[in-house]
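Engineer:
Chains as they are written, first to last, in our numbering: chain B, 1 to 257; chain X, 1 to 296.
#1: Give the residues from the stretch 29-49 of chain X that approach chain B closer than 7 Å (Cβ to any Cβ), ordered along the chain.
#2: Give the C-beta separation of residue 146 (chain X) and residue 204 (chain X) to the nearest angstrom, bearing in mind that I take them to be a contact with Cβ-Cβ under 8 Å.
#3: The stretch 183-196 of chain B: which residues have C-beta closer than 7 Å to a C-beta of chain X, in chain order?
#4: Distance check for residue 33 (chain B) and residue 151 (chain B), CA to CA, integer angstroms please.
#5: Indicate whether at least one CB of chain X lies closer than 9 Å to the CB of residue 137 (chain B).
#6: Let's see if you can read the secondary structure: which residues bound the alpha helix (DSSP H) around residue 116 (chain B)?
#7: Is there a Cβ of chain X sitting closer than 9 Å to that of residue 130 (chain B), yes or no?
#8: Between which residues of its own chain and residue 69 (chain B) is the CB-CB distance below 6 Å, once the five residues before and five after are set aside?
#9: Taking the beta carbon of residue 225 (chain X) as the centre, do at least 16 other beta carbons fall within 10 Å, making it buried, or is it exposed?
#10: Quick check: residue 101 (chain X) and residue 201 (chain X), are their CB atoms within less than 9 Å of each other?
#11: Could you check if residue 223 (chain B) is buried or exposed, using at least 16 other CB atoms within 10 Å of its CB as the buried criterion?
#12: Once the 5 residues before and after residue 297 (chain X) are set aside, which same chain residues still bring their CB inside 6 Å of it?
#13: Run through chain X and tell me which residues come within less than 7 Å of residue 70 (chain B), C-beta to C-beta.
#14: Quick check: is the beta carbon of residue 201 (chain X) nearer than 9 Å to any beta carbon in chain B?
#15: Are the stretch 257-269 of chain X and the stretch 235-243 of chain X touching by the rule of at least three beta carbon pairs closer than 8 Å?
#16: Using a beta-carbon distance below 9 Å, is residue 25 (chain X) in contact with chain B?
#17: Relative to the ligand HEM, is the shortest distance from any of its heavy atoms to the C-beta of residue 124 (chain X) smaller than 8 Å?
#18: Answer with yes or no whether the minimum CB distance from residue 229 (chain B) to chain A is below 9 Å.
#19: In whole angstroms, what is the alpha-carbon distance linking residue 291 (chain X) and residue 270 (chain X)?
#20: Name the residues in the stretch 107-124 of chain X whose C-beta lies less than 8 Å from a C-beta of chain B; which are they?
#21: State the Cα-Cα distance for the pair residue 287 (chain X) and residue 273 (chain X), rounded to the nearest angstrom.
#22: Can the beta-carbon of residue 46 (chain B) be found less than 9 Å from the beta-carbon of residue 83 (chain B)?
#23: Using C-beta distances below 7 Å, list every residue in its chain close to residue 278 (chain X), excluding the 5 sequence neighbours before and after it, in chain order.
#24: Taking Cβ positions only, does residue 57 (chain X) come closer than 9 Å to chain B?
#25: With three or more C-beta pairs closer than 8 Å as the rule, is the stretch 181-191 of chain B touching the stretch 127-138 of chain B?
#26: Let me know the secondary structure DSSP gives residue 130 (chain B) once reduced to three states.
#27: Any C-beta of chain B sitting closer than 9 Å to the C-beta of residue 8 (chain X)?
#28: Measuring straight from C-alpha to C-alpha, what distance separates residue 96 (chain B) and residue 166 (chain X)?
#29: With DSSP as the reference, label residue 236 (chain X) as helix, strand or coil.
#30: On the criterion of 16 or more Cβ atoms from any shown chain inside 10 Å, does residue 196 (chain B) qualify as buried, or is it exposed?
#31: Evaluate contact between the stretch 229-238 of chain B and the stretch 115-133 of chain B, counting only Cβ atoms and requiring at least three cross-stretch pairs below 8 Å.
#32: Take residue 173 (chain X) as the anchor and find which of X:160, X:161 and X:210 has the nearest alpha-carbon.
#33: Curious, which full-length alpha helix (DSSP H) runs of at least 4 residues does the stretch 182-215 of chain B contain?
#34: Return the CA-CA distance between residue 176 (chain X) and residue 57 (chain B), expressed in angstroms with no decimal places.
#35: Pull up the distance between the alpha-carbon of residue 198 (chain X) and that of residue 143 (chain B), whole angstroms please.
#36: Tell me whether residue 184 (chain X) sits in a helix, a strand or coil according to DSSP, three-state version.
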């Protein structure tokens, strides 16, 4: 399926042609975020309506600079963020949850935001076809910081502050501030692409193969490039007495990023 | 009220970035935004993960090959196959189909209390069409009409939330389609889908294309829909200026242009319905007789 500006002349037809791909993307979003079936259905219906709003404005806006599938992936991903924020408020996942990936974020939402017990959270994730064993989910939960639902930041009162991450509790606030600022300064000196690479590798724990694929880079030279970045940052931190483990904690602290 | 992120990267620009088709200067701009804004980074990474998964599971090759791969991949996405078929051979003439599908979708399914069978009576889904064997041409046309009729009933059952009836009808559709190469597996997989109106439309358009004879598919769907409307007691359904009569006018024109003389008996009853001079009882009898006159 390809779409060009010419085919957008008939957006309704395009929408119908794209519906299978749209549903596939919605399915991917639901699975990645471990949405229970009812929530997945509700979001899907909402997203389809957004796509048809204002005479299919989103589809008519498409100018053919990318594939239509990737365009829809971006659009629906953003729509999910809007939907999630509108329904649940702008929940900020902890750094630990982010490191565990979408399932970690979902587990944290269930436990910390929605107030579910671990058993209830496991049940909810089961309903969303998560295939991890109960023990694995419990282990994942044990790595999450304890937070309360009243820390949820509403969409109308958004604050950039974050609760402290216990992972880095072994650093005093002052130390963390100092090292963090220094590290930020070091990262800022990197080329933009290296800054993104650093975050993908150390924040999100993406494999080099994944990073290469997403950024359309050759995988082989990327190993050396990331080693080089890592070496620079380690040297920088070693000079200030910060170990590699602490550096990883600091790198995953959104508040200093 | 949703608040959009004012710093959001233009969606098509980000998509082109992920596709690797952005010019260097624009690519640098995107990288700068992603590097400097945590929100832009999250948007980028979320979209990248979705696009990557989509690419891994969706082939971008010619339609004939993709259908095979979809099945091999076990994606359970009959709509993909349906839309690929519809996209290739159907879309130029969808107006009549859209109208007849809309009629089926607009049936007042809320009138169903409990099951469809409990509301309309046993045999509501058995139109009683002919079992006489015809020649190969009429077999194809008759089969398309049966597919159309079964599809309309399936839509009604779906919208009435009667999953038992819907499942039975989707199995019937699968059986009707089993002799058509490649269609049977897709139809069986449709058993759990079709809750959304748009999905129903895509399924209907695809079935119409698969059935091969669009004029008689429409006849079957129209007759089946009308039969249900009359069973629900809508005595004004076939009023002279009502939408169903406008749709029937277009359908009979197509039938006259395309169908063989074996359809004459069916045509006769359809013309009676077009006159608007019938009582509700006569209309119901004419619809039943037209359904029975559909050649095998």
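No residue lacks a Cβ here, since even glycine has one placed at the ideal position from N, Cα and C. Being a predicted model, the structure only gives us computed values, none of them experimental.
Structural biologist: In short:
#1: 31, 32, 34, 35, 38, 41, 43, 45, 46, 47, 48 and 49
#2: In the second chain, residue 146 (chain X) corresponds to position 146, counting from 1. In the second chain, residue 204 (chain X) corresponds to position 204, counting from 1. So it is not a contact: roughly 14 Å between Cβ atoms.
#3: Of all residues in the stretch 183-196 of chain B, those with a C-beta nearer than 7 Å to a C-beta of chain X are 192, 193, 195 and 196, reading in chain order.
#4: What you label residue 151 (chain B) is simply residue 151 of the first chain in a count that begins at 1. What you label residue 33 (chain B) is simply residue 33 of the first chain in a count that begins at 1. Residue confidence is low: residue 151 (chain B) scores 39 on pLDDT, short of 50, so the model does not pin down where it sits. Its coordinate-derived value is still stated next. Roughly 21 Å separates the two Cα atoms.
#5: In the first chain, the residue the question calls residue 137 (chain B) occupies position 137. Residue 137 (chain B) does not count as touching chain X.
#6: For the purposes of this step, residue 116 (chain B) is identified with residue 116 of the first chain, where counting begins at 1. Residue 116 (chain B) -> no alpha helix (DSSP H), and no H or E assigned at all.
#7: As a first step, residue 130 (chain B) is located in the first chain; it is residue number 130 there, counting from the start. No - not a single Cβ of chain X is within 9 Å of the one on residue 130 (chain B).
#8: In the first chain, residue 69 (chain B) corresponds to position 69, counting from 1. Closer than 6 Å at Cβ, skipping near neighbours: 21.
#9: The sequence position of residue 225 (chain X) within the second chain is 225, counting from 1. With 16 or more other Cβ atoms within 10 Å, it is buried.
#10: Start at 1 with the first residue of the second chain, and residue 101 (chain X) comes out as number 101. Start at 1 with the first residue of the second chain, and residue 201 (chain X) comes out as number 201. Yes, these two residues count as a Cβ contact at 9 Å.
#11: Reading the first chain from its first residue, position 223 is the one you call residue 223 (chain B). So residue 223 (chain B) counts as exposed.
#12: As shown, chain X starts at 1 and ends at 296. That puts residue 297 (chain X) outside it, with no answer to give.
#13: What you label residue 70 (chain B) is simply residue 70 of the first chain in a count that begins at 1. Within 7 Å Cβ-Cβ: 15, 18, 19 and 51.
#14: The residue you call residue 201 (chain X) lines up with position 201 of the second chain. Yes, contact with chain B.
#15: no
#16: As a position in the second chain, residue 25 (chain X) is number 25, starting the count at 1. Judged by the 9 Å Cβ criterion, residue 25 (chain X) is not in contact with chain B.
#17: No copy of the ligand HEM appears in this structure; indeed no ligand is present at all.
#18: Protein chains B and X are contained in the structure displayed, whereas chain A is not.
#19: Position 291 of the second chain, counting from 1, holds the residue named residue 291 (chain X). Position 270 of the second chain, counting from 1, holds the residue named residue 270 (chain X). Distance between the alpha carbons of residue 291 (chain X) and residue 270 (chain X): 10 Å.
#20: none
#21: Here residue 287 (chain X) corresponds to residue number 287 of the second chain, with the count starting at 1. Here residue 273 (chain X) corresponds to residue number 273 of the second chain, with the count starting at 1. For residue 287 (chain X) and residue 273 (chain X), the gap between their C-alpha atoms comes out near 8 Å.
#22: Against the first chain, residue 46 (chain B) aligns to sequence position 46. Against the first chain, residue 83 (chain B) aligns to sequence position 83. Going by C-beta atoms, residue 46 (chain B) is nearer than 9 Å to residue 83 (chain B).
#23: Here residue 278 (chain X) refers to the residue found at position 278 when the second chain is read from its first residue. Excluding positions up to five away in sequence, the list reads 272 and 286.
#24: The residue you call residue 57 (chain X) lines up with position 57 of the second chain. With 9 Å as the cut-off, residue 57 (chain X) counts as an interface residue toward chain B.
#25: no
#26: Start at 1 with the first residue of the first chain, and residue 130 (chain B) comes out as number 130. Coil, per DSSP.
#27: Here residue 8 (chain X) refers to the residue found at position 8 of the second chain. Yes, its Cβ sits closer than 9 Å to a Cβ of chain B.
#28: Translated into positions along the first chain, residue 96 (chain B) becomes position 96. Translated into positions along the second chain, residue 166 (chain X) becomes position 166. In a straight line, the C-alpha of residue 96 (chain B) is about 46 Å away from that of residue 166 (chain X).
#29: The residue labelled residue 236 (chain X) in the question sits at position 236 within the second chain. Three-state result, residue 236 (chain X): coil.
#30: Here the question's residue 196 (chain B) lines up with position 196 in the first chain. Counting the other Cβ atoms within 10 Å of the Cβ of residue 196 (chain B) gives 16 or more, which makes it buried.
#31: Result no; under three Cβ-Cβ pairs closer than 8 Å.
#32: Here residue 173 (chain X) is taken as the residue at index 173 of the second chain, counted from 1. Cα-wise, what sits closest to residue 173 (chain X) is X:210.
#33: 192-198 and 208-215
#34: As a first step, residue 176 (chain X) must be located in the second chain, where it is residue number 176. As a first step, residue 57 (chain B) must be located in the first chain, where it is residue number 57. C-alpha separation (whole angstroms): 39 Å.
#35: As a working note, residue 198 (chain X) is residue 198 in the second chain. As a working note, residue 143 (chain B) is residue 143 in the first chain. In this structure, the alpha-carbon of residue 198 (chain X) lies about 43 Å from that of residue 143 (chain B).
#36: If you number the second chain from 1, residue 184 (chain X) lands on position 184. Per-residue confidence for residue 184 (chain X) stands at a pLDDT of 49, beneath the threshold of 50, marking its modelled position as unreliable; the derived number appears in the next sentence. Helix.
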